[in-house]
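S.K.: Using the working numbering, the first residue of the sequence shown is number 31, and each one after it goes up by one.
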Amino acid sequence: MSDRDTTLPSGLTRSQLLEILQNRAQFVRTETLRLIAIAKSGHYTSVFSCAELFAALYYHTLRIRPEDPAWPDRDRFLLGKGHVAVGLYPILADLGYFDPALLDSYTRVGSPFGDHPDMKLIPGIDFSSGSLGHNLSVSVGMALAAVMDGRDYRVFCLLGDGEMNEGQVYEAMMAAGNFRLNNLIAIVDRNQMSLDGFTEEVMPIEPLAAKFEAFNWEVWEVNGHDLDTLISTFDALDRRTDPRPLAIIAHTRKGYGLSFMDLSREWHLGLLVGADYERAMAELLAGKPAPTYYQYREQVAAHRAVQNARPRPAATGSVAPRPPRGDRAHQGITRRGPAPIELEDPASWNLLTSARLSSEAVAGRVLAGLAASHPDIVVLTADLKYSNRLNDFAEEWPERFVNLGIAEQNMVSVAAGLAACGKIPFIGTFAAFVGLLCAEHIRTDLAYNNLPVRVLAHHAGITMGYYGTNHHALEDLSITRTMANLTVFCPADAPSIRAGIEASLTWPGPIYFRLGRGRERVVYENGLPDFQFGKAIVFRDGRDLTVITHGLTMRAAVDAVEALAREGLDCRLIDMHTIKPLDREAIIAAARETGGIFVVEEHNITGGLGSAVAEVLAEEAIAIPFHRHGIRDEFALIGPPAALYAHYHLDGPGIAHEIRQWWETITG
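So this is what it looks like as structure tokens:
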């Protein structure tokens, strides 16, 4: 008896299973033709190269429950090459995730089904995708979540071979190999072509297997169109003992299944119409009846139930740092340079009164304290554990602290994967890096998916001083406040940071915390009154004019308005700690009750708080003297922070001078 005659536990013979899978692979191709005809454009050839992979995974290998798409123990499947979603949608409908009739709306206005998958709108999609290079990092986060939670689900990520040009893919490979995530499987659809031609002509990716191995991955290579081989390969996952992540390089052909599309660059994106469409469909069917939805519904359901019950190895991995190799240990090396920074004894520390702690130390200690009662808190850093003072958390909760090395974009996407699995990640790095370098990742992975990741953007504004212009963050508010779903919070001092972190634990969606660097003097010595995001604090009332500020300039603004009060100028001072959502009512009230509005911020005056306030005044048609004070249209100079504050009139005396001078021009 041949292997194909073997009866499987589900009652199917191997031959019957292969027949079903081959039919479903062709079903993917024929439905792709039909759906692209609806959309008038689409990616045929990229889908055709992975049709057998889709069929083998979804009808045989993945542990899933279409009737319960959010089942915590399900396997996760992510598309790195998100433009092949048109081939995945029919499978999800066929398995029962949603009514196949819904696909007739594909790409139309208001449809959940776009060219790339959307986790918020489509049952069965574990993560949205679009930007190439992100989703292996997201998969790392999901695999880490399984290890942290003691679950045994696997995370599969399908990558395009052209996608292997993306640098972030290698950041993710490095992290997964370092953490030894045995539950992570990257499948590379090695179809030999990207948009502009053959991968080895556009930008060679070989030796691909050696690259994975160099990052501590196990590698298997298979024929990605041979379903018999794919079944055996995926079944072997249950017998794996290698503790490393696994890369499966599936050798395929772009456009496989249609002779005129096979390894053709021209059909990466296009549209078949008329006789060309009929010819393509006829070649795929080869005289057989067209595959249909639910054609093997009962057999597939029975087979899937058995597959879901198969035992599998536990998910393993560790985020704990490993000691260096013996030949690289730092033995006998005399330390040079400044002594390590030491903070005062934590037992004597008082959050509300300490004038010696930096904002980073405050955030780190608050998180370490909250972690005991909030087991879903995890903290990530990009090699800035000590600079961002996250070492307290790392020492107390090492299994929930993830150091991704100098790879900020990877860190953001890993955090997204953790959040998608129920964690509340806090990520810490410099504002100039995360607010600018990672803007697209915050937008695409966090904000679009509305995931509860808290971005601790340290050293904002000009607090990096002499480190140079590339370390200043004067544009981050202009960028972050335009992102839907993203809350933007600018705390003034230690109590504000604590209040924001505590409130964030029940606040929906991602939050951008804009933090300072130095040991900012406390503004709220008695704590914050009734703190909530989006609700400004009137720190001082006044009738002449209103000063609106936030974050790093709040303490200086307090000094300024107190000095002006001694001169007889009565200023209302508003701490607009949340730039988004903005407290419009506080602005409108100030405009109606005082004689002018002066906005001060440690940011470029274009696009920041000043612009946000001006938008409210314009939309409400309120005519009032108004002035923005901050960094003008320039890159900031280099120098010690205190000297820069004085130079740009962002310290107490400087702000008082600017207000006084402006008010004199208004009042004559």
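Ideal Cβ placement from N, Cα and C applies to all residues, glycine included.
So Pro455 is in the beta strand (DSSP E); what residue range does that whole segment cover?
M.R.: Taking the sequence shown and counting its residues from 1, one reaches residue 455 at position 425. Per DSSP, Pro455 belongs to the beta strand (DSSP E) from Ile454 to Phe460.
S.K.: Between which two residues does the beta strand (DSSP E) containing Asn634 stretch?
M.R.: Counting from 1 along the sequence shown, the entry for residue 634 is found at position 604. Note, Asn634: beta strand (DSSP E), Ile627 to Asn634.
S.K.: Looking only at its chain, what residues have a beta carbon closer than 6 Å to the beta carbon of Arg106, apart from the 5 residues adjacent to it on each side?
M.R.: Against the sequence shown, residue 106 aligns to sequence position 76. Cβ-Cβ distances below 6 Å link Arg106 to Asp156, Met172 and Val185 in the same chain, with the five nearest sequence neighbours on each side left out; the list follows chain order.
S.K.: Taking Leu38 as the reference, which of Pro559, Met494, His90 and Ile635 has the closest Cα?
M.R.: As a first step, residue 38 must be located in the sequence shown, where it is residue number 8. Among Pro559, Met494, His90 and Ile635, the Cα nearest to that of Leu38 belongs to His90.
S.K.: Looking at the strands, I want to know which residues DSSP matches up with Leu417.
M.R.: Translated into positions along the sequence shown, residue 417 becomes position 387. Strictly speaking, residue 417 in this sequence is Ser, with Leu absent from that position. According to DSSP, Ser417 bridges with nothing at all.
S.K.: Which same chain residues, not among the five before or five after Val336, have their C-beta less than 8 Å away from its C-beta?
M.R.: Position 306 of the sequence shown, counting from 1, holds the residue named residue 336. These residues qualify, in order along the chain: Leu38, Pro39 and Ser40.
S.K.: So what's Phe264 in DSSP terms, helix, strand or just coil?
M.R.: Here the question's residue 264 lines up with position 234 in the sequence shown. Three-state result, Phe264: helix.
S.K.: Using three-state DSSP, classify Asp357 as helix, strand or coil.
M.R.: Start at 1 with the first residue of the sequence shown, and residue 357 comes out as number 327. Low confidence applies to Asp357: its pLDDT is 46, below 50, so where it sits in the model is not reliable enough to give any reading.
S.K.: Just reading off the alpha helix (DSSP H) that Ala86 is part of, what are its end residues?
M.R.: For the purposes of this step, residue 86 is taken as the residue at position 56 of the sequence shown. Start and end: Ala81 to Ala86.
S.K.: Say whether the segment 234–245 touches the segment 260–272, bearing in mind that this needs 3 or more beta-carbon pairs closer than 8 Å, one atom from each stretch.
M.R.: no
S.K.: Please determine if the segment 618–626 and the segment 535–553 are in contact, where contact requires at least 3 C-beta pairs separated by less than 8 Å.
M.R.: no
S.K.: To the nearest angstrom, how far is it from the Cα of Pro370 to the Cα of Gly140?
M.R.: Mapped onto the sequence shown, residue 370 falls at position 340. Mapped onto the sequence shown, residue 140 falls at position 110. Residue placement at Pro370 is poorly supported in this model, since its pLDDT is 34, which falls under 50; the coordinates are not used for a value here.
S.K.: On the DSSP letters alone, give me the boundaries of the alpha helix (DSSP H) that Ile50 sits inside.
M.R.: Residue mapping note: residue 50 aligns to position 20 of the sequence shown, counting from 1. Segment Arg44 to Ala69, the alpha helix (DSSP H) holding Ile50.
S.K.: Would you list, in sequence order, the uninterrupted alpha helix (DSSP H) runs of no fewer than 4 residues that lie entirely inside the segment 633–657?
M.R.: 639–649
S.K.: Could you tell me the alpha carbon to alpha carbon distance between Val646 and Glu632, rounded to whole angstroms?
M.R.: Here the question's residue 646 lines up with position 616 in the sequence shown. Here the question's residue 632 lines up with position 602 in the sequence shown. Straight-line spacing of the CA atoms in Val646 and Glu632 works out to 20 Å.
S.K.: Give the straight-line distance between the Cα atoms of Tyr323 and Val252, rounded to the nearest whole angstrom.
M.R.: Position 293 of the sequence shown holds residue 323. Position 222 of the sequence shown holds residue 252. In a straight line, the C-alpha of Tyr323 is about 29 Å away from that of Val252.
S.K.: Mapping the DSSP letters down to three states, classify His488 as helix, strand or coil.
M.R.: In the sequence shown, counting from the first residue as 1, residue 488 sits at position 458. Looking at His488 - three-state DSSP - the assignment turns out to be strand.
S.K.: Taking 8 Å as the threshold (beta carbon to beta carbon), is Arg210 in contact with chain C?
M.R.: Of the protein chains in this structure there is only one, and it is not chain C.
S.K.: Going straight from the alpha carbon of Arg690 to that of Asp506, what length do you get?
M.R.: Along the sequence shown, read from residue 1 onward, the residue named residue 690 stands at position 660. Along the sequence shown, read from residue 1 onward, the residue named residue 506 stands at position 476. In a straight line, the C-alpha of Arg690 is about 29 Å away from that of Asp506.
S.K.: I think Ala477 touches Leu516, with their Cβ atoms under 8 Å apart; what is that distance to the nearest whole Å?
M.R.: Indexing the sequence shown from 1 puts residue 477 at position 447. Indexing the sequence shown from 1 puts residue 516 at position 486. About 4 Å separates the two Cβ atoms, so the contact holds.
S.K.: Leaving out five residues on either side along the sequence, give the residues of the same chain with a beta carbon under 6 Å from the beta carbon of Ile50.
M.R.: Here residue 50 corresponds to residue number 20 of the sequence shown, with the count starting at 1. Closer than 6 Å at the Cβ level, and outside the excluded window around Ile50, lie Tyr326.
S.K.: Can you tell which of Arg93, Leu118 and Pro99 has its C-alpha closest to the C-alpha of Ala85?
M.R.: By one-based count along the sequence shown, residue 85 stands at place 55. With distances taken between Cα atoms, Ala85 lies closest to Leu118.
S.K.: Could you compute how far the alpha carbon of Leu47 sits from the alpha carbon of Ala244?
M.R.: Locating residue 47 in the sequence shown gives position 17, where the first residue counts as 1. Locating residue 244 in the sequence shown gives position 214, where the first residue counts as 1. If I take the Cα positions, the gap works out to 37 Å.
S.K.: In the DSSP assignment, the beta strand (DSSP E) including Arg602 goes from what residue to what residue?
M.R.: Here residue 602 corresponds to residue number 572 of the sequence shown, with the count starting at 1. Arg602 -> beta strand (DSSP E) spans Cys601 to Asp605.
S.K.: Three-state secondary structure (DSSP) at Ile689?
M.R.: Working through the sequence shown from its first residue, we reach residue 689 at position 659. Here Ile689 sits in helix by DSSP.
S.K.: Buried or exposed: Asp124, going by 16 or more other Cβ atoms within 10 Å of its Cβ?
M.R.: Working through the sequence shown from its first residue, we reach residue 124 at position 94. Looking at its Cβ environment, which holds 16 or more other Cβ atoms inside 10 Å, Asp124 is buried.
S.K.: What would DSSP say about His281, mapped onto helix, strand or coil?
M.R.: Position 251 of the sequence shown, counted from the first residue, corresponds to residue 281. The answer is strand: DSSP assigns His281 an E or B state.
S.K.: In chain order, what residues of the same chain lie with their CB nearer than 6 Å to the CB of Pro368, ignoring the 5 residues before and after it?
M.R.: As a first step, residue 368 is located in the sequence shown; it is residue number 338 there, counting from the start. At Pro368 the pLDDT is 34, less than 50, meaning the model places this residue with poor confidence; the figure from the coordinates comes in the next sentence. Nothing listed; no residue qualifies.
S.K.: Taking just the CA atoms, how far does Phe463 sit from Ile436?
M.R.: For the purposes of this step, residue 436 is taken as residue 406 along the sequence shown, with counting starting at 1. For the purposes of this step, residue 463 is taken as residue 433 along the sequence shown, with counting starting at 1. In a straight line, the C-alpha of Ile436 is about 11 Å away from that of Phe463.
S.K.: Over the uninterrupted alpha helix (DSSP H) stretch that includes Ile527, give me the two end residues.
M.R.: Position 497 of the sequence shown, counting from 1, holds the residue named residue 527. Counting along the chain, the alpha helix (DSSP H) containing Ile527 begins and ends at Ala524 to Ser534.
S.K.: For Asn380, name the three-state secondary structure that DSSP assigns.
M.R.: Here residue 380 corresponds to residue number 350 of the sequence shown, with the count starting at 1. In this predicted model, Asn380 has a pLDDT of only 38, less than 50, meaning its place in the structure is not dependable enough to derive any value.
S.K.: Less than 8 Å between C-beta atoms, sequence neighbours within five positions excluded: which residues of the same chain meet that for His404?
M.R.: Along the sequence shown, one-based indexing puts residue 404 at 374. Hits under 8 Å: Ile454 and Leu535.
S.K.: Which partner residues of Phe519 appear in the DSSP bridge assignment?
M.R.: As a first step, residue 519 must be located in the sequence shown, where it is residue number 489. Per DSSP, Phe543 and Thr608.
S.K.: Please work out which residues of its chain come closer than 8 Å, Cβ to Cβ, to Ala620, disregarding the five sequence neighbours upstream and downstream, and give them in chain order.
M.R.: Position 590 of the sequence shown, counted from the start, is the residue given in the question as residue 620. Counting only Cβ-Cβ distances below 8 Å, and skipping sequence neighbours, we find Thr576, Ile578, Arg602, Ile604 and Ile627.
S.K.: May I have the straight-line CA-CA distance separating Arg596 from Ala590, to the nearest angstrom?
M.R.: Taking the first residue of the sequence shown as position 1, residue 596 is located at position 566. Taking the first residue of the sequence shown as position 1, residue 590 is located at position 560. When rounded, the separation of the alpha-carbon atoms in Arg596 and Ala590 is 10 Å.
S.K.: Assuming Glu615 is part of the alpha helix (DSSP H), what are its boundary residues?
M.R.: The residue labelled residue 615 in the question sits at position 585 within the sequence shown. Segment Arg614 to Glu623, the alpha helix (DSSP H) holding Glu615.
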